[in-house]
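Under full-length UniProt numbering, think of the first position of the sequence shown as 1, with each following residue one higher.
We treat Cβ as the ideally placed atom computed from N, Cα and C, and that holds for glycine.
What follows is one structure encoded as structure tokens, with my remarks underneath.
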Amino acid sequence: MAISKTCMTMLITVFNILIIILAIIICFLSLNAWNDYTTCAFTILVALLWMCCLCSESNVAIGAYTILMFIDLLLLLSNALYHSVMTAKYSDFCFHNNVNGISPEWGCHDWRFSGYYERAIGVTVCYYIAFIFRLLNIVGSCSLTYKIFHEKKKKKKK
């Protein structure tokens, strides 16, 4: 079953809107980490650039957009992995690594009980969901580029 060009652009638009919402949620849940704010700003910028691609309907614009989405995909994945590792490290180090009854030097007990642990898990989950949406966007934009290319190729033959 082939998906029409209009349906494909609508799916990409919906995924971009969801990614913008997730990026805003990440900014609110973030623990004042510059990498979260930078990634969210880049993610929102890439999602908004989709509007330029909608207007032009050019293979070159959509191809450039796909490259930006791939860079964003790597940023989202690296932050998701970073938050996964840091959440596991804080949790394990604080509660399972006391040497001779001495607790760790830094205050990770406060980190866990003051709600930061739940926020860190929320940020991690949002990053993974945004990663999946961005991956679907890349597949959609590649498919859309392919459809536009073949439509223009058919028009030239006529």
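Taking 8 Å as the threshold (C-beta atoms), are I19 and A47 in contact? yes
Using a Cβ-Cβ cutoff of less than 6 Å, which residues in the same chain neighbour G140 once the five nearest sequence positions on both sides are dropped? M8, L11, I12
Rounded C-beta distance between A80 and T43? I'm assuming under 8 Å. Not confirmed; about 12 Å, so no contact.
Ignoring anything shorter than 4 residues or poking outside the segment 8 to 94, list the alpha helix (DSSP H) runs there in chain order. 34 to 56
With three or more beta-carbon pairs closer than 8 Å as the criterion, would you say the segment 134 to 151 touches the segment 69 to 86? yes
Option in L54, E118, L144, M69 with minimal Cα separation from A88: E118
Among A64, A41, L22, which has the Cα closest to the Cα of C142? A64
A33 versus T39: straight-line alpha-carbon distance, rounded: 10 Å
Exposure label - H83; buried when at least 16 CB within 10 Å: buried
Just to confirm, are L68 and L49 a CB contact at a threshold of 8 Å? yes
So, helix, strand or coil for S143, using DSSP? helix
Reference I121; option with closest CA among K156, F133, I26, L144: I26
Who are the near neighbours of N149 in its chain, counting only those whose CB is closer than 7 Å to its CB and skipping five residues on each side? Residue identity differs from the one stated: residue 149 is Phe in this sequence, not Asn. Here the set comprises N59.
For Y127 and S4, what's the separation of their Cα atoms in angstroms? 29 Å
Identify whether I3 lies in helix, strand or coil by the three-state DSSP scheme. coil
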